[in-house]
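Taken in order, the sequence shown gives residues 1 to 205; the numbers are from full-length UniProt numbering.
For each residue, glycine too, the CB sits at the ideal point set by N, CA and C.
Here the structure comes first, spelled out in structure tokens, and everything after it is commentary.
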Amino acid sequence: MLLRLQTRLSSQRGVTLLELMIVLVIVAVLAAIAGPSFQDTIKRNRKLYTLEDTLALLSYARTEAVTSSLAVTVCPSADQVSCAGGTDWSVGVMAFIDNGADPGGGGVANDQILNGQELPLRIISNVRNGVEVIGPNFFAFDGDGGLPAATTIQICDDDGPTAASAVVLNVSGQLRTGIDSNNDDIVDGHCAPATSVTCAAYVCP
């Protein structure tokens with residue numbers, strides 16, 4: 001009985017300081033290797049989710065314009081009530097039915113209203129941390145789903161244009177993601193000839 005107890009106790013010995021230090025060193029090395037890769041994955045996912053949210057809002061806005069035969073305006077909006085003006089879509093975005101009296105979204109009474117304010121059809125409250133979205137100060141799909149002009153919305157982070165993505169809309173209102181058609185490793189916007197996004201105001205040459 002005593003021998004059995006001694007054997008059991010000896011098999012349950014604790015971890016030595018040396019063994020603990022070895023484990024900590026291994027964990028630190030693995031963290032150093034995996035850390036940057038993990039951060040890159042997070043950044044890519046943030047941009048991907050923002051791209052998907054933007055595509056979904058624009059697709060819905062165009063569909064609503066065609067279904068209702070009414071203009072639907074899309075613009076940056078920090079309060080989901082009125083257009084913010086400017087090109088920073090990172091503050092949030094909204095789409096709303098607009099009769100054309102106030103294409104910038106000023107809250108005119110004969111638009112679709114709620115408590116005296118523009119009634120948004122769909123919103124993006126704000127974009128994910130570290131992602132910047134740059135687009136026009138507003139545009140409106142007409143009742144046929146078309147646009148007055150083609151436009152580009154850029155989705156960027158601190159890695160700049162080489163890591164950017166884009167949503168491109170043609171005058172028919174059709175959406176697509178930006179592609180690198182001139183082989184400079186940067187996606188292009190709507191301009192012809194192909195013009196890369198800049199993560200700043202997008203201007204055709």
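- In the structure shown, I186 falls within a coil segment according to DSSP collapsed to helix, strand and coil.
- Counting along the chain, the unbroken beta strand (DSSP E) around P76 starts and ends at 72-76.
- Rounded to whole angstroms, the separation of the alpha carbons of I33 and L24 is 14 Å.
- In the three-state scheme derived from DSSP, where H, G and I count as helix and E and B as strand, S125 is classed as coil.
- In this model, Y60 and S37 are separated by some 35 Å (Cα to Cα).
- Straight across, the Cα-Cα distance linking L169 with N137 is about 15 Å.
- Contact between the segment 157-167 and the segment 126-136 is present, with at least three C-beta pairs closer than 8 Å.
- For V93, the secondary structure class from DSSP, reduced to helix, strand or coil, is strand.
- Annotation: D53 to S165 spans about 13 Å, alpha carbon to alpha carbon.
- Per the coordinates, the alpha-carbon of V81 lies some 50 Å from the alpha-carbon of V29.
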